[in-house]
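Peer 1: For what it's worth, this note's numbering labels the leading residue of the sequence shown as 1, then goes sequentially.
Quick one: this structure, given as C-alpha cells, is what I'll be asking you about.
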Amino acid sequence: MIDLEAERALTPGCSDQVFLDSAGSSLPTTTTLEAVIGHLRREAEIGGYRAAAERSEDLARLPSSIGRLLGCDADLIALTDSATRAWSLFVTALDWQAGDRILICGNEYASNAIALLQRARITGCTVEIVPTAADGDVDLDALATMLDERVRLVSLVHVATNSGHVSRVREVVELAHGVGALVLLDACQSVGQLHVDVAALGVDALSATGRKWLRAPRGTGFLYVRRDVLAGLEPLAADLRGGAWTTPDTYELRPDASRFELWEHDVAGRLGLKDAVDHLLELGIVEVERVVRARAAELRAGLATVPGVELRDLGPDLGALVTFTIGGTEPDRVKAALLGSGVTVSVSGAGSTLLDMQARGLDAVVRASPHYFVSPGQIAQAVGAVERVAVS
Ligand SMILES: Cc1ncc(COP(=O)(O)O)c(C=O)c1O
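The structure is reproduced here in C-alpha cells:
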C-alpha cells in the first residue's frame with residue numbers, strides 16, 4: 001500500500017494546488033530534486049568531470065533500474081534526452097528503402113508522424129494510416145489486411161497524449177510479427193503510470209520520457225531495443241560513446257543499446273531520473289498503477305455528474321489521462337479558470353494528435369492527469385472547480 005501522506009509530504013508541490021498534469025510534466029519528490037541540485041552544486045565545487053566520477057556507480061546502475069521497471073536487461077536500455085529523441089534514434093537506425101511501408105495508428109503523436117513523413121520524403125518509403133475501430137483502438141481486422149512483407153514498421157502509441165485510452169499492444173505485435181514487421185511503442189504516457197513489461201508486450205523497441213509519470217527531471221528519456229533487433233541497427237550518427245574509432249578509417253559500434261547514446265549528457269538530470277525510478281520501484285509499479293487508475297476513475301465519475309461536461313476518453317481500458325470539454329467554452333479558458341481555483345490541468349490541441357482529433361471533430365480538449373500523490377479529497381475539489389466553470 002502506498003502511504004499517501006508520506007508521499008504527499010515528499011512532494012511539496014502538491015500541497016497548495018490540485019496538480020493534475022502528470023501527463024505534461026509531473027512534480028518530483030524532494031529527494032529527486034536534491035539529487036539534481038546537489039549534483040549541480042558539486043559540479044560548481046569541483047568541476048563536472050570529477051563530480052560525475054564521484055557518482056559513477058549510481059550512474060552505471062541507472063539502466064538496470066530502468067530495466068527492472070520494464071522487465072528487461074540493462075544493456076538493452078539507451079539513455080537519451082527525451083522520448084522523441086529515443087523514438088527517432090530507433091526510426092533513423094533502420095535502413096529505409098524506397099517502397100518500404102510504415103503503418104501508423106489513429107492516435108499517433110505529431111512528432112512521430114512528422115519524423116516518419118520526413119523519412120518518407122527522403123527515402124521513398126510510404127506512411128499509411130491503420131483505421132480505428134469503434135472503441136477507439138486499432139482496427140485489428142484492417143491492420144491484418146494492410147500487413148504484407150513490405151511493411152517494415154508499425155508505430156503504435158501505448159497511451160495517446162489526448163486520451164486515457166490504453167492501446168491493445170500484444171495483438172498488434174502478433175499481427176505485425178506475422179509478416180516480419182517491427183513494432184515501435186511510444187510509451188511516453190504509459191511508463192510510470194502503468195505496468196509496462198516489454199517481454200510480455202513483445203515490442204521491438206519502446207521510447208519513454210522521465211518528466212511525466214516517472215516524476216523525473218525534464219531533459220531525460222530512454223530507448224529500449226529488443227536484443228534480436230539491436231545487432232542490425234546503425235545509429236544515424238554515433239559518437240565516441242556509441243562506438244570506438246579503432247583504426248584511422250574504421251570504427252566499431254558498442255554491442256549493446258548504448259550505441260545510441262551520446263557522450264555528453266545532463267549528469268544531474270540522470271541522477272534525478274535514477275532517484276525517481278528507484279522511488280517508483282520501491283513503491284511498486286503494480287500498486288502505483290492501481291492507485292493512479294483509481295484516482296482517474298474517481299475523477300471521471302465526478303466529472304460525469306457535472307452538467308455541460310463531456311468526457312472525451314474512448315474505450316474499455318482507460319488510464320489516468322482524463323480528457324473533457326465544457327460546452328462551447330474554449331479549453332484554454334477552462335484551464336485558466338481552473339488554475340484560478342488552484343487546479344492545474346493542461347490542454348491538448350488538435351495539432352498533437354491530428355488524425356484522432358480530426359476524426360472526432362475536436363480542436364482541443366482539457367486534460368486532467370492525476371498521479372498517485374493526488375488525494376481523493378483533491379479529486380473532489382477539482383470536480384467542484386469544474387462545476388463552477390461549467391455554470392459560469
Ligand atoms: C504520446 C506522446 N509521445 C511522445 C511525446 C513526446 O515526448 P518528449 O517531449 O519527451 O519528447 C509526448 C509528449 O507529450 C506524448 O504525449
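All C-beta atoms in this analysis are idealised placements derived from N, C-alpha and C, irrespective of residue type, glycine included.
Fair warning: this is a prediction, and the values are worked out from it, not measured in the lab.
At the level of alpha carbons, what is the spacing between GLY272 and GLY377?
Peer 2: Their Cα atoms are separated by approximately 29 Å.
Peer 1: Do LEU206 and LEU233 have their beta-carbon atoms positioned less than 9 Å apart in this structure?
Peer 2: No. Outside cutoff.
Peer 1: Out of ALA115, ASP21, LEU10 and ALA350, which has the shortest C-alpha to C-alpha gap to VAL127?
Peer 2: When each option's Cα is compared against that of VAL127, the closest is ALA115.
Peer 1: Are the Cβ atoms of VAL13 and PRO28 separated by less than 9 Å?
Peer 2: The sequence shown places Gly at residue 13, not Val. Against a cut-off of 9 Å, the Cβ pair of PRO28 and GLY13 comes out as a contact.
Peer 1: Along the chain, where does the alpha helix (DSSP H) containing GLY99 start, and where does it finish?
Peer 2: Run containing GLY99: none; DSSP gives neither H nor E here.
Peer 1: Looking at LEU314: is its Cβ nearer than 9 Å to the Cβ of ALA304?
Peer 2: Contact flag unset, no.
Peer 1: Would you be able to state if there are at least three C-beta pairs under 8 Å between the stretch 293 to 300 and the stretch 345 to 357?
Peer 2: In short, these stretches do not touch, since the Cβ pair count stays below three.
Peer 1: Between ASP100 and the rest of its own chain, which residues show a CB-CB distance below 7 Å, the 5 nearest in sequence each way excluded?
Peer 2: Result list for ASP100: CYS125, ARG150 and ARG152, in chain order.
Peer 1: On the premise that VAL138 lies in contact with ILE104, defined as a C-beta separation below 8 Å, what is that separation, rounded to the nearest angstrom?
Peer 2: About 10 Å; that fails the 8 Å criterion.
Peer 1: Taking the alpha-carbon of ASP317 as reference, which of ILE122, GLN358 and ALA160 has the nearest alpha-carbon?
Peer 2: Closest by alpha carbon: ALA160.
Peer 1: Can you tell me which residues form a DSSP beta bridge with HIS158?
Peer 2: In the DSSP output, where bridge partners are listed per residue, HIS158 has none listed.
Peer 1: Which residues in the same chain have their Cβ closer than 8 Å to the Cβ of GLN17, if we skip the five residues on either side of it in sequence?
Peer 2: Counting only Cβ-Cβ distances below 8 Å, and skipping sequence neighbours, we find GLY342, VAL343 and THR344.
Peer 1: For the candidate residues ARG227, HIS279, THR209 and ARG226, whose alpha-carbon lies nearest to that of GLY219?
Peer 2: Checked all of ARG227, HIS279, THR209 and ARG226; the closest Cα to GLY219 is THR209.
Peer 1: Take the Cβ of SER22 as the centre, count every other Cβ of all protein chains shown within 10 Å, and call the residue buried at 16 or more, exposed below.
Peer 2: Result: buried.
Peer 1: Only counting the same chain, and skipping five residues up and downstream in sequence, which positions put a Cβ closer than 6 Å to that of LEU10?
Peer 2: Contacts found: THR29 and THR30.
Peer 1: If you draw a straight line from the C-alpha of GLU387 to the C-alpha of THR84, how long is it?
Peer 2: Cα to Cα, the separation comes out at about 36 Å.
Peer 1: For GLY319, which option in ILE66, GLN193 and SER64 has the closest C-alpha, if you only look at C-alpha atoms?
Peer 2: Cα-wise, what sits closest to GLY319 is GLN193.
Peer 1: Considering just the uninterrupted stretch of the alpha helix (DSSP H) at TRP30, what are its terminal residues?
Peer 2: Sequence check: residue 30 is Thr here, not Trp. Residues 30 to 46.
Peer 1: Can you tell me which of ALA86, VAL286, ASP75 and ALA120 puts its alpha carbon nearest to the alpha carbon of ASP95?
Peer 2: Minimum Cα distance to ASP95 is reached at ALA120.
Peer 1: Grouping DSSP H, G and I as helix and E and B as strand, with all else coil, what is ILE2?
Peer 2: Coil at ILE2, not helix or strand.
Peer 1: Mark GLY242 as exposed unless 16 or more other C-beta atoms lie within 10 angstroms of its C-beta, in which case mark it buried.
Peer 2: The residue in question, GLY242, is buried, as its Cβ has 16 or more Cβ neighbours within 10 Å.
Peer 1: In terms of alpha-carbon separation, which member of LEU362, VAL166 and SER369 lies closest to GLY327?
Peer 2: The candidate whose alpha carbon is nearest that of GLY327 is LEU362.
Peer 1: Under three-state DSSP, which class holds GLU282?
Peer 2: Reduced to three states, the DSSP call for GLU282 is helix.
Peer 1: Would LEU321 and SER352 qualify as a contact pair, given that the criterion is a beta-carbon distance under 9 Å?
Peer 2: Not a contact, by the Cβ cut-off of 9 Å.
Peer 1: For VAL374, which residues in the same chain have their Cβ closer than 8 Å to its Cβ, ignoring the five residues on either side in sequence?
Peer 2: Same-chain partners within the cutoff: CYS14, VAL18, PHE19, LEU20 and ARG295.
Peer 1: Going by DSSP in three states, GLU330 sits in which element: helix, strand or coil?
Peer 2: Here GLU330 sits in coil by DSSP.
Peer 1: Just the Cα atoms here: how many angstroms apart are ALA257 and ILE77?
Peer 2: Their Cα atoms are separated by approximately 6 Å.
Peer 1: Rounding to the nearest angstrom, what Cα-Cα distance links ALA53 and CYS72 in this structure?
Peer 2: C-alpha separation (whole angstroms): 26 Å.
Peer 1: For the beta strand (DSSP E) containing LEU311, list its first residue and its last residue.
Peer 2: Segment 309 to 311, the beta strand (DSSP E) holding LEU311.
Peer 1: Which residue from ALA359, GLN118, GLY202 and THR123 puts its Cα closest to that of LEU156?
Peer 2: The option with the nearest alpha carbon to LEU156 is GLY202.
Peer 1: Using the beta-carbon count (16 or more within 10 Å), is GLN189 buried or exposed?
Peer 2: GLN189 should be labelled buried.
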